[in-house]
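Below is one structure, written out as structure tokens; comments come after it.
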Amino acid sequence: MSVALEASGLGKRYGKRWALEHCSFELPTGSIAGLVGPNGAGKTTLLHIAVGLLEQTNGSIRILGEQPGSASVLPRVGFVAQEMPLYKSFTVDEMISFGAHTNVTFDLPLARHRMEHFEIPLDQRAGSLSGGQRAQLALALAFAKHPDILLLDEPLASLDPLARREFLKILMEGIADSGATVVLSSHLLTDLERVCDHMMVLARGRFRLIADTNEILKNHKVLIGPRERAGAISGVEQVLQQTTTDRQATLLVRTNGPIIDPAWMVNQASLEDVVLSYLDSRSATDGPEPELHAIRTEVAR
Amino acid sequence: MTWVAWRQHRMQIIWGAAAVGAMALFLVPTGLGMAHTFTSSGLGRCLSTVGADCGQLSDAFDNKYRGYSFLIPLFMMAPVLFGMFFGAPLIAREIDSGTYRLAWTQGITRPRWLGTKLFVVVGAALAGAVSLAYLVTWWSRPLVAQSASRFRPGIFDLRGVVPIAYTIFAVLLGVAIGSVVKKTLPAVGLTLVGFAGVRLLVEFYVRPHYLAAKTLTVSLVGKGGALRRMGGSIWVIRENTIDRLGHIASPGGGFDFGYLAARCPAVAAQGPFPKGPVGAVPGTPDPITACVQHLGLRDMTVFQPAHRFWTFQWIEFGIFIALAIGLAVFTIWRTKRLS
Chain A
1 MSVALEASGL GKRYGKRWAL EHCSFELPTG SIAGLVGPNG AGKTTLLHIA
51 VGLLEQTNGS IRILGEQPGS ASVLPRVGFV AQEMPLYKSF TVDEMISFGA
101 HTNVTFDLPL ARHRMEHFEI PLDQRAGSLS GGQRAQLALA LAFAKHPDIL
151 LLDEPLASLD PLARREFLKI LMEGIADSGA TVVLSSHLLT DLERVCDHMM
201 VLARGRFRLI ADTNEILKNH KVLIGPRERA GAISGVEQVL QQTTTDRQAT
251 LLVRTNGPII DPAWMVNQAS LEDVVLSYLD SRSATDGPEP ELHAIRTEVA
301 R
Chain B
1001 MTWVAWRQHR MQIIWGAAAV GAMALFLVPT GLGMAHTFTS SGLGRCLSTV
1051 GADCGQLSDA FDNKYRGYSF LIPLFMMAPV LFGMFFGAPL IAREIDSGTY
1101 RLAWTQGITR PRWLGTKLFV VVGAALAGAV SLAYLVTWWS RPLVAQSASR
1151 FRPGIFDLRG VVPIAYTIFA VLLGVAIGSV VKKTLPAVGL TLVGFAGVRL
1201 LVEFYVRPHY LAAKTLTVSL VGKGGALRRM GGSIWVIREN TIDRLGHIAS
1251 PGGGFDFGYL AARCPAVAAQ GPFPKGPVGA VPGTPDPITA CVQHLGLRDM
1301 TVFQPAHRFW TFQWIEFGIF IALAIGLAVF TIWRTKRLS
């Protein structure tokens, strides 16, 4: 398995505050990863380090096997920054020319064609585009590089729900044939679960969970059963969340084998429940998470 | 990338060209007018005649063109205006508006991105500075011809090649400051302050020492003859009246009545404002002259000779260009690791 993005012991400190700490992961080539976490979790910091805009304080990171920001890797990386910065006084066509002049390979007809497709006039000022049009232009600029990896920082934040769906559809169509790796950050999980096959859950500068979504769904279950028997259940590795009524307990658990105890009803857990439980359960303690490592090795397998 | 740099900075470049053009529209006709007056009034011929007294002609000329002195601060400001409008926003605005995240994640490296922008912007500033320097040097020729010294602040630094070096320096100072403070408006302000600081420092503390100054000591009696013979355009760095032992008797030159009165009773007796013309009695020197001769007072002038003008111009040019190159190297290094 080849790796598109890998980090080991990555950390970034601003003054006294660690924006990112102890980050280690390997993202397989071709995966579509959702980088999820609340605002201020360190998502932008991680993406900026990955594209070479920021330098880490410690640890190492490789993108497409190379140093971020190096001359040989820059042309292979597509990046759409948060809020999609564009030169406001440039027309749409001039923005496309900007891409063509600042990249060795740039698919000018593709970018123009996409603008035509979305009925965005080429002579309109970039500063006067709507949020959706801005997003389409920024995405078109990134696509036209034909990147091997595409990183998008909160691309959906400025879009209304309908435009989000449309944007994700266009994004998926655009990379479907290329086999490019995609990392997409959002503070809203619901945006990502439809399209992502990997989840990277980040909170307070640390990864809480990094896994293949299928693995996540396979290894996490919701158990409903008698409250008094909520102690040790065979096949349960860890209870992530527990809600109890007088008699009944509902557990969100990570499994390490089949649950055969007939007292428990086993239900499928939703991706959102699992991710939220990782964001919640670890928010109280910021200690190291040994269990994370197990999941990571599974991803890497 | 050259196209991008031009597209990004074309408004500044067009406005800059317009400003230089407007300057030319004013300087060419007034310069021709001044040159005409300079010749037709006979002032030019007078000034080139050794020993001629051109005071009256010179005053008439000055009165006619005194109004143009408002231009001097403008010419002084021109280089730093390039620094403020061409240099300071070059990196600062990209960071201010967040577009650095776009520019630095395309297919070219930051040094190349910066190099191209500098090439376009410095090139444009250079064209503007050369045009202005040439225009101002030509325009001010009649004014400078009758000036005490071509080294004077307000003359030396507006003419020849130094304004060009100031401009290049100002632009790169602006770029460097922008890369450090990362905000356009503070960068513009600091560019102004920084430029003024460096210029004043060089003007008053560095420039006098480019070459070892010459010293001329003459007797106080009949003073000035030697200096006058050297032409009016030497740069007097300091002038003092010294005694026989070389101690300063009167800072700034001339006589100090108190000093003489304390040493020569005849001077004290005469008082500070003697009636009648001093030294009027032929054959007998007046008390002051006698005292000066008695004490052996001499006038010592430390100066830079007039013929060093171009040497000084090129030395100062070199200093500012070297500073500019240093700033460029710093900015490239800084931009590489900016985040």
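As you go down the protein sequences, you meet chains A and B in turn.
Going by our numbering, the first sequence opens with residue 1, and the numbers climb by one from there.
Going by our numbering, the second sequence opens with residue 1001, and the numbers climb by one from there.
We treat Cβ as the ideally placed atom computed from N, Cα and C, and that holds for glycine.
The DSSP-derived three-state label of asparagine 103/A is coil. Chain A has no Cβ within less than 8 Å of the Cβ of valine 1181/B. By alpha-carbon distance to serine 178/A, the top candidate from Ser31/A, Gly132/A, Asp280/A is Ser31/A. With contacts defined as CB atoms closer than 8 Å, tyrosine 87/A and phenylalanine 98/A qualify as a contacting pair. Counting only residues of its own chain and dropping the five nearest sequence neighbours on each side, glycine 37/A has a CB closer than 6 Å to the CB of Lys43, Leu202, Ala203.
Here arginine 229/A is exposed, its C-beta having fewer than 16 other C-beta atoms within 10 Å.
The DSSP-derived three-state label of histidine 220/A is strand.
Around threonine 91/A, the same chain offers Leu122, Asp123, Gln124, Arg125, Ala126 as residues with beta carbons nearer than 8 Å, after the five sequence neighbours per side are excluded.
In the three-state reduction of the DSSP assignment, glutamate 119/A falls in the coil class.
Interface flag for asparagine 103/A against chain B is set, since a Cβ pair is found closer than 8 Å.
In this chain, the alpha helix (DSSP H) harbouring alanine 1035/B covers 1002 to 1040. With the criterion set as a beta carbon lying under 8 Å from some beta carbon of chain B, the members of the region 91 to 117 of chain A are Glu94, Ser97, Phe98, Gly99, His101, Thr102, Asn103, Val104, Thr105, Phe106, in sequence order. Here threonine 1049/B is exposed. Its C-beta has fewer than 16 other C-beta atoms within 10 Å. Excluding sequence positions up to five before and after leucine 192/A, its CB lies within less than 7 Å of the CB of Gly34, Val36, Leu184, Ser186, all in the same chain and listed in chain order. Counted as a single uninterrupted DSSP element, the beta strand (DSSP E) harbouring glycine 78/A occupies residues 77 to 80. For the region 58 to 79 of chain A, the beta-carbon criterion of a distance under 9 Å to any beta-carbon of chain B is satisfied by Gly69, Ser70, Ala71, Leu74, Pro75, Arg76, Val77, Gly78, Phe79. For the options Ser1058/B, Glu1203/B, Met1084/B, Trp1006/B, the alpha carbon positioned closest to that of alanine 1124/B is the one of Trp1006/B. The Cβ atoms of aspartate 273/A and leucine 252/A lie closer than 8 Å to each other. Taking 7 Å as the cut-off between beta carbons, the residues of the region 1106 to 1125 of chain B near chain A are Gln1106, Gly1107, Ile1108, Thr1109, in sequence order.
Listed in chain order, the alpha helix (DSSP H) runs fully inside the region 132 to 210 of chain A are 161 to 176, 189 to 193, counting runs of at least 4 residues.
Between glycine 11/A and glutamine 56/A, the CB-CB gap stays under 8 Å.
Distance from the CA atom of glycine 1087/B to the CA atom of threonine 1116/B, rounded to whole angstroms, is 13 Å. Each of Gly1178/B, Gln1313/B, Ser1149/B was checked against the Cα of arginine 1334/B, and the nearest Cα belongs to Gly1178/B.
For a Cβ distance threshold of 8 Å, residue set Thr1099, Leu1102 of chain B lies close to leucine 86/A, ordered along the chain.
Threonine 1217/B and valine 1171/B have their alpha carbons spaced roughly 44 Å apart. Relative to the Cα of leucine 1114/B, the nearest Cα in the group Arg1263/B, Ile1319/B, Pro1089/B, Trp1138/B belongs to Pro1089/B. Straight across, the Cα-Cα distance linking alanine 1322/B with valine 1122/B is about 15 Å. Within the DSSP secondary-structure output, aspartate 1299/B pairs in a beta bridge with Val1218/B, Thr1241/B. Per the C-alpha coordinates, the member of Tyr1166/B, His1294/B, Ile1108/B positioned closest to methionine 1001/B is Ile1108/B. Closest in C-alpha terms to glycine 1194/B, from the list Thr1037/B, Pro1208/B, Leu1173/B, comes Leu1173/B.
Listed by position along chain B, the residues whose Cβ is nearer than 8 Å to that of leucine 53/A are Tyr1100, Arg1101, Trp1104, Thr1105, Ser1339.
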